[in-house]
Every structure is written in structure tokens, then in C-alpha cells.
Amino acid sequence: MERKLEKFFYDDNIVKMFIMATLFWGGAAFLVGLIIALQLAYWPLNLNLDFLTFSRLRPLHTNAAIFAFAGNAIFAGIYHSSQRLLKTRLFSDFLTKLHFWGWQTIILAALITLPLGFTQGKEYAELEWPIDLMITIIWVVFAVNFFGTIARRREQHLYVAIWFYIATIVTVAMLHVVNSIEIPVSFLQSYPVYAGVQDALVQWWYGHNAVAFFLTTPFLGLMYYYIPKAVNRPIYSYRLSIVHFWALVFIYIWAGPHHLLYTALPEWSQTLGMIFSVMLWAPSWGGMINGLLTLRGAWHLLRTEPIVQFLIAAVTFYGMATFEGPLLSIKSVSALGHYTDWIIGHVHGGALGWNGFLAFGMIYYLVPRLWGADGMYSKKLMSYHLWIALTGILLYYISMVSAGITQGLMWRAISPTGQMTYPDFVQTVNAIRPLYWVRVFGGLLFITGYFIGIYNIWKTIAMGKKVSPVEQQAYALTFKDDSNENAHRKLEGLGTVFTVLVLVSVIVGSVIEILPTLSIHKHLPQDEQILPYTALEQLGRDVYVTEGCYVCHSQMIRTYTPDVIRFGPSSTIAESMYDHPFQWGSKRTGPDLARVGGKYPDLWHYRHMVDPRSMNNQSIMPAYGWLETKKADFYSLRKKLSVLRTLGVPYTDEQVSQADIWAEKQAEEVAAQLEKDGAPAGLKDKKIVALIAYLQCLGKKAKTGTDTSKWNNFPFKKVAGGEQ
Amino acid sequence: MSDNPNDKYDVVLDHEYDGIQELNNPLPMWWLWTFFGTIIFAFIYWIHYSVGGGMSLDGHLQAQLQQIEEQKQLEAKNQPQKNEADLETLPKNAAVVAQGNKVFQMNCANCHGDKGQGGIGPNLTDNYWIHGDGKMTSVMATIKDGVLEKGMPSWGPIFKPEEIEALAAFVVNLRGSNPANAKAPQGEDKGS
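Each protein sequence line maps, in turn, to chains E and A. Note that this note's numbering has the first sequence beginning at 1, numbered continuously upward. Note that this note's numbering has the second sequence beginning at 725, numbered continuously upward.
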């Protein structure tokens, strides 16, 4: 059969656009990171402004780093390398542009809504439902564009980088859709359909695999293209590519529960999460080995070429992070490290070292080529960027791991008679505050490197000559007979079958782990069940979510002696069975709140919220003064309770139809007592009253408890002699 | 795979993508055995903790809590109980009161005022007591167990026994100190 030579152009303009977006949003993500690092070291920088408070900005930082910085970098690299690896222009210019502008709109929406407190309270999935819908649509646009490109390819077999891109696209779609099933209560608020332990499991299945399939697989794909291109050496081992790809894709999806060790999650699920994390070590290192050993015969480039240095440093950080990850997943190690800054150090080793350096290495490789310059403007500035940023990452990492281990050890320091050595939580925070300053300095160095990079890139672009698109030539795809090849080689020629197999690989672990948990609340014995929140408590819970309290406070006392001694009996599954969303948290910058109800008087909470230092002079918590001036929206409660009821919370018809009255009456009582005790008058319709009601019920909703509030029994039955 | 002596190193495959070639090197042995090792570990661990009788996290916790409880009882037995008369001498012991003051300022002053004049919590300097009679044993009990429905936390798990004694001594010693801005009396007059 005659092969037809076809002519076409690559779309490099879109790559340039995504690179610009990466650099722009990267700067924003780093700066917000620096601000919140400063706020932890020096609390007055919260500035008493709600939208600049740590608990509102931290979600903005994580979302910007993951979806804006890493996201745009991935899209730039995938669109650039895929066209070349598949020898075709992208499927549709329209979809390409829609993808770009749609994604930037999503980021902009996040930038506006998160500081304003519109959040679902689930980490890395905070964005509210309209934005979730936009993400879904744009991801489908990306998928159609990408798979359309594969369909139009002129290369029979798919290269390993493409395998990783496929895994990214199908798995992220699955994770996002499943974790974002929620019911709107208003334009910018919704409740997830999952509650408590289910929500926790689905969320960390999502959260962990966002790391896996948004920050790992796409970057491995980029590594498989840009390292061999930069060093001009063949990939070390095709066989290793196959084994580690499939092992990684199959095993990664199981590892989510390692974020929930020692919690109320059933133990079999925790154990699965741990052992699959341990088994993930070698498959992860397979990628590192293939990246590093591709340099064989070209090691000298590591001495002279900053691009190669960036890429290899990235792969090295990948190796470190994927060793540390399985280590932290071992139950007894997690007991020490969970809720501490060790985890913060761990993710920044990955995000700054692996994602950051790989992105910068790739950008330095691409900028001169795309903008028509003979190499970067200054090699020396690239070196400065590398070494300054590297020092920054190491300072960040070492200070946070030290802080985490120090605080973890202080939390568990207990005498043989159960006496805590550091009973006041704030003592353990004070001990690590100097390390928060080291972290600030590390972050500052990383950002300094970034600005050096921006200058260098700007000068390079200014130097560039106008490039007109180069005409490419390739033969139209004719499927050669590959029946004498091995099975995997044949599979590489079958894009659809390959994609389906990837999907099956990630569905197996997901179904086995998640499905049994979905019915868990139905099987709880009656006497273990709890009472739903009163309308006011639920309203206070929404304030808790809006302010992002979960960013610093857990609501999960682990099945772990030091936790039980410090905070009370370990949390049960039932205690969060009506929690849409769960608020177990993942970090304790402040103490656990699962049993804070009744521990302090209402007035203590009032004063502590308005000025934390007045109740604990060493506290680093921001002041939440606006809670005593902003009004609580009682009227929204009818809709909220009705949505919660459809999700299985047992409210009566009257409770739903009179939700606002229910809340107002309880609020009046709380406010009257507050006023009597010395708080200002007129708090009854303020957010702070709802929040206090919520905090005071934490850990006290057991049906069999002796201390249940009369407000649980609303509406009161008329009995002789007035209200009950 | 790689223990096969026929495996050839650095064989370039006929794959080529945008100039990128691939070698067909065998999997590194140490890598493969690490992988197998983790799988074997995972298997054994799973068996041990699912059907092999490995102790559950809760079992572990209960065992530790019981150990702590036994240790507590042992120490309580070995420590001679101070009788009421011994305890009532403590508020007159300046060193003990000074130690109590230190603990008070760090933990109690936020609610009871730095001089015990009261705030969120009641005034501790007058003759009126809500719980107990203002004697050492009853003040110690209130500190140790708290009065949860009134918002007084239980400090038993936090303070050492001698700290609770010192703190109570400080509080008892406050009586009649008559500080400025004292909160109005609450509870019953127990006399001086």
C-alpha cells in the first residue's frame, strides 16, 4: 500500500500561552504561600480581615499551587510533547482555546470565591458547585481534544509519556466527579452527599490520588519526554517503563486511607491503605530509575547544563518524596507524623522539588525554542535560580520535618501514670515557632529563584526572533502488522483498549475500598447513633466550614493513647454520621475540637473568638472579630435542613419548615446568657452565637448521653402548664 | 527477568518517537526484589492483622490505658494520704503558695482574674462558694474534677498532684484579699 506523505503544522501558540499562565499563577501561588507562612510565624499579619485570614488563604494557596501552577505547566507540556510524539496537530484549535480560557476562568473564580469563604471544606476540593461543574466541562474539553489528537496520530504506537497522560486524564475525571457529588443549597453553597466516615474516605481517595494523578503521572509523562530530549540519550529501559507504569496505576488508587490511620475509619480499610502505600515504593522508584539512568553516557551534562540540573534535581526529589510517602504510611510512623508539620514538609518536597523543578526545567527547555532565541539569555542566572531555590526547599523541608517530629514527640510525652509533660497545647506550638521563621526564609529563597527565572525568561523572549511555524511532514498512519511483537507492544497501538485498561486498573481498588463504606451508617446499632444538629448548630457548622477552621483544628481523636489522654475518648463513626461535609481535618496547628463541647463556658468562646490572646496569651490563632458583627442567615436554614433531610439526616417536617424559628429561639437563649455573663447585648442574630452553639455541642450529641440539650426536641410539645 | 544470562544490556529497540529511542535493559535486580519484598510484607501484614490475631488499634489503646490506670493505683497506694489537717497547713506555707501562684497565673487567671477577683469564672477571694466549702479538700476536688456544666474544666489530667495541692493552697490563701474590681459574690456564704 502506498504511504501518503502529509504536511501539517504544530500548534505552539497554545504552549506559549500555557507557559505564561504557569509563570503568572505560579508567582501568585508562591506569594500566597509566603504570606500564610508569615501568618503562622507572626499572627498579627492576619490583619483582622476575614478575606486575608490564614484559614481562608491556605486553601487558596493549595489550590493555586496544584491547579493553577502545576495544572498550567502540565497542559503546556502535554500539548507540546503530544503533538510531537503523535506527529499531528492538536485535534481542535477551538477546543484548545476553550481549554485554556476555561481553565483560567476557573482559577479566577477560585481566586475570588475562596478568600470570600465560599468553600466546601474538603481539602483541594474546596471550590463550590458551579466551579466544580466548570472544572468537569473543561476537563471533558481537554479529554476530547487529547483523545482526538491520539485518534489522528501518524505514529502507530503510543510512547510511554502518552500512557501517563492517558492515566492522568481518565483518573482525574473519575476522582473529581465522584468526590464532587453534592447538592446545592444556594448559588455558592452545597452539601456533599457523603457524610462523616464516607466523606472522609471519598475525600482522601480523591486527595491522595490528586497527588498521584495530577502531580505525579503527568509529570512522569513530561519527564519521559523532556529528559531524553534534553540529554539526547535513549530511555534506559522500555521494560521498566511497562512494569512501573502498570504497577503505579493499579496500586496508587488504593493508598488514600493512609491519610486516615488511627481514625474512626474501619481498620481493614486503614490496613489496605498502608500496605498498598508500602507496595507503591518500588513502582514509584521505577520512574526515578528510568529518569536518572537515561543520563548514562551524558552525566557530564549535569555539570554544565542547568536545564539538566533542574530535571535531575526534580527526579531526585521525586525519589525522596516517594520513599518518605510509604514510610509515613506505616501506622506507627503516621501516629507520630500525622497532624504535624512533617506532612507539610513532605508535600513541599514533592511540590517545590519535583513539580516545581520539573516545570522550570521544562520551561527553560521550551522558552528559547518557542520564542526563537538561541538558548536562554543567561545560563548563569539559571544556575542562580537552581541553587537559591534548592537551598530554599532544603531549609523548608528540614525545618518542617524537625518541627513536625518535635511537636509529635511533645504530644506523646506522657508519664507512666498518664500525666502529660506538655499539657497545654500552646506549649507545643511555641516550641516550633522559631522553625516557622526558618520556613519563611526557605520560601523566600524559593521565590527569589522564581523572580530570577522570570527576569531571565523575559530577557530571552526579548532576544527572540519572530518564529513562523515550521511545516512538518509525516506519513499518514497505516497500521503495520505487529503480530510478531509482544502483547504490550500491540496494546500500544490500540489507544482505546489501552485507555479502557487504565480505567479498569483504577476502578478495581476504588470500588473495593469505597463501596463497603457507603452503607456503614445503616449498620450502626441504635444506641450508638447520635442526634442531628439543631438548626442553630448546623448554621454554626456552616460558619466553621466557611472560616476554614478545619485548616488548623482536627475533629478526630485518634485511637491512640496520647490523643485519648489529651482530648478524651477516641472518636466514633456515629459521631460524624450527619456531618456533610466531614471536618476531621488533617493538621493540628491548634488542638482537636471533637470533644470541645462543654469544656469552656460560652463566654470563654466569645472572648476567645474575638481576641484569642485574652484567653490564652500565647495563642497564635487569628482573631475572628467579624463573627460578632456579621449577621447569621437564619432564613437559609429551611432550605439547608431540607437538603440535609434528603441526604438522610432525620429532621421532622416541622423542624424543616420552622428551621429559622428553631434557630432564632435557641440563639436568643444563648445570647441572653452571654449578655448576663458580661458579653455585649445584641448578639442573638450574629454568626458568633451560631458558632458557639456548634462548638458547645461537639462530642455531646450521643442519644444515650445525659447532657442533651432541650433544643434537640424542637418543636416543643404543648404540655399542661406551658411549653415542655 | 534480569537473572537470565541471555539478557543483553543496552539493546536499542526500533522504537523512535520524535527522536527519542528506547533501550530494552532488564529490570534492576535490587529494584525487583524491593518490589517483591514489599508485596511479601504487605501480604504477611494483611494476614496478621485480618485473620492472624494481630492486635487491633483499639486493643492496643485499651491495653495502654489499663497499664496507665494500674500504675496510677500503684502510686496512689504507695503515697501516704495527707489528712485534712496536714493539707490545711499548706495555705500558710509561703513556698507552696508561690508555686500555686505560678500555676494559677498560667492556667487560671484568664477566667478567674490575675488576683482571683473573678471574670468568666467566679470570684475566689470572698467567703462565698458555689461548690464545696472553700476548704483545701473541696477546692482540690473542684480543680481536679472540674464542674463541667458550669464550664470549669477538669484539670486532673493536666496538673500533677502536688501542683493541685499548691494551686488549692494559693486559692484558699486568697480569701479576704479583697482585690480591686472584684466580681459580685456567687454561691453560699461559708464564713471565714
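By construction, the Cβ of each residue, glycine as well, lies at the ideal position given by its N, Cα and C atoms.
Item	Value
Within 10 angstroms of its Cβ, does Lys-907/A collect 16 or more other Cβ (buried), or is it exposed?	buried
Can you give the beta carbon distance from Thr-168/E to Thr-88/E, rounded, assuming they're within the 8 Å contact cut?	That belief does not hold up - the Cβ atoms of Thr-168/E and Thr-88/E are roughly 19 Å apart, past 8 Å.
Can you tell me the Cα-Cα spacing of Ile-744/A and Ala-230/E, whole angstroms?	10 Å
Please compile the residues from chain A whose C-beta is within a distance smaller than 8 Å of the C-beta of Gln-156/E.	Those do not exist, as Gln-156/E stays about 10 Å from chain A at its closest Cβ, beyond 8 Å.
Based on Cα-Cα distance, which residue from Gly-900/A, Ala-893/A, Lys-732/A, Arg-899/A lies nearest to Gln-823/A?	Ala-893/A
Within 7 Å of any Cβ in chain E, is that where the Cβ of Glu-794/A sits?	no
Please tell me whether Lys-884/A has its Cβ less than 7 Å away from any Cβ of chain E.	yes
Look at the alpha carbon of Trp-458/E and the alpha carbon of Val-502/E, and state the distance between them as a whole number of angstroms.	40 Å
Report the neighbours of Asn-748/A on chain E: residues whose CB is nearer than 9 Å to its CB, in chain order.	Ser-237, Tyr-238, Arg-239
How about Ile-744/A: is its C-beta nearer than 7 Å to some C-beta of chain E?	yes
On the criterion of 16 or more Cβ atoms from any shown chain inside 10 Å, does Tyr-85/E qualify as buried, or is it exposed?	At residue 85/E the sequence reads Leu, which differs from the Tyr that was named. Answer is buried; the Cβ neighbour count reaches 16.
Let me see if you follow: with CB-CB separation under 7 Å, is Gly-722/E close to chain A or not?	Reliability of the predicted coordinates at Gly-722/E is poor, the pLDDT of 48 falling under 50, and the value obtained from them is presented with this limitation in mind. No, because no Cβ of chain A sits closer than 7 Å to the Cβ of Gly-722/E.
Could you name the residues of the same chain whose beta carbon sits closer than 7 Å to that of Leu-57/E, not counting the 5 residues immediately before and after it, in chain order?	Val-32, Ile-35, Ile-36, Pro-115
Assuming Trp-725/E and Gly-71/E form a contact by the criterion Cβ under 8 Å, report the distance between their Cβ atoms to the nearest whole angstrom.	With chain E running from 1 to 724 in the structure shown, residue 725/E is simply not present.
So for His-739/A, helix, strand or coil by DSSP?	strand
Nearest by alpha-carbon distance to Glu-912/A: which of Gly-875/A, Arg-899/A, Asn-851/A, Gly-870/A is it?	Asn-851/A
Just tell me which of Glu-537/E, Pro-283/E, Arg-233/E has its CA closest to the CA of Glu-740/A.	Arg-233/E
Which residues, in chain order, does the segment 804-826 of chain A contribute to contact with chain E at a C-beta distance below 9 Å?	none
Does DSSP put Val-193/E in a helix, a strand or coil?	coil
Within its chain, find whatever has a CB closer than 7 Å to the CB of Trp-25/E; leave out the 5 residues flanking it on each side and keep chain order.	Ala-64, Ala-68, Phe-69, Asn-72, Ile-107
Starting from the beta carbon of Cys-835/A, find every residue of chain E whose beta carbon is closer than 7 Å, and list them in chain order.	Trp-604
Out of Ser-237/E, Asn-179/E, Asp-199/E, Met-410/E, which one is the CA nearest neighbour of Met-288/E?	Ser-237/E
Is the CB of Leu-85/E under 7 Å away from at least one CB in chain C?	You won't find chain C in this structure, because its protein chains are E and A.
Quick check on Glu-128/E: does DSSP put it in helix, strand or coil?	coil
DSSP has Ala-702/E in a bridge; who is on the other side?	Ile-530/E
Leu-848/A touches chain E at which residues, Cβ-Cβ below 9 Å?	Near Leu-848/A there are no residues of chain E at all, since even the closest Cβ is about 16 Å away, more than 9 Å.
Please state the DSSP three-state secondary structure of Gln-407/E.	helix
Within this structure, are the beta carbons of Gly-121/E and Val-543/E separated by less than 7 Å?	no
Using a beta-carbon distance below 7 Å, is Phe-759/A in contact with chain E?	yes
For Trp-853/A, which beta-bridge partners are listed by DSSP?	Glu-912/A
Quick one: is the Cβ of Glu-537/E within less than 6 Å of any heavy atom of the ligand PLP?	No copy of the ligand PLP appears in this structure; indeed no ligand is present at all.
Restricting to Cα atoms, I'd like to know which of Tyr-384/E, Gln-309/E, Leu-531/E is closest to Phe-357/E.	Gln-309/E
Excluding the 5 residues preceding and the 5 following Asn-48/E in the sequence, name in chain order all residues of the same chain whose CB lies nearer than 7 Å to its CB.	Ala-623, Gly-625
Relative to the C-alpha of Tyr-600/E, which candidate in Asn-831/A, Phe-883/A, Asp-857/A has its C-alpha closest?	Asn-831/A
So the beta strand (DSSP E) Ile-744/A belongs to, where does it begin and stop?	744-747
Per DSSP, what kind of secondary structure is Ala-693/E in: helix, strand or coil?	helix
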